[in-house]
Amino acid sequence: MLAEVVIEALAEADAEKRNREIAAILAKTNRMMNLGNPANQPPRKPFHWLLEFPEVFLQNSPHPSPLPNGEGTKNPVRLPSP
1 MLAEVVIEAL AEADAEKRNR EIAAILAKTN RMMNLGNPAN QPPRKPFHWL
51 LEFPEVFLQN SPHPSPLPNG EGTKNPVRLP SP
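Under full-length UniProt numbering, the first residue of the sequence shown carries the number 1, and numbering increases by one thereafter.
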């Protein structure tokens with residue numbers, strides 16, 4: 001849903017309008033992410049495990065298995081061969 005809105009905004013030919021649309025999407029996303037956040041707390045920041053720790057999710061990772069049965073991740077990311 002959000003991805004479609006972003007893709008549509010990025011496809012806008014007029015750079016000024018595109019920038020306004022992207023700024024509006026960002027502002028709305030930030031408001032939605034911080035609903036219910038106490039006033040004395042810093043704004044919430046998104047955290048994406050795969051982007052922050054790719055080595056844990058990559059196939060043939062040298063790191064120990066994250067699953068107790070030792071099978072590795074349920075859906076390992078397969079990177080294209082170089």
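All C-beta atoms, glycine included, are put in the ideal place defined by N, C-alpha and C. None of these values were measured; they are calculated from a predicted model.
Distance between residue j and residue i (C-alpha atoms, nearest Å)
i: Phe47; j: Met33; result: 12 Å
i: Arg20; j: Leu2; result: 16 Å
i: Arg44; j: Pro54; result: 22 Å
i: Val56; j: Val5; result: 31 Å
i: Leu26; j: Ala13; result: 19 Å
i: Gln41; j: Lys28; result: 19 Å
i: Glu16; j: Gly36; result: 33 Å
i: Ala11; j: Leu51; result: 25 Å
Inter-residue CB distance, residue i and residue j (contact presumed, cutoff 8 Å)
i: Pro24; j: Arg18; result: Checking the sequence, you will find Ala at residue 24 rather than Pro. The Cβ separation is near 11 Å, so there is no contact.
Test: residue i CB closer than 8 Å to a CB of chain B
i: Asp14; result: In the structure shown, chain B does not exist; there is a single protein chain.
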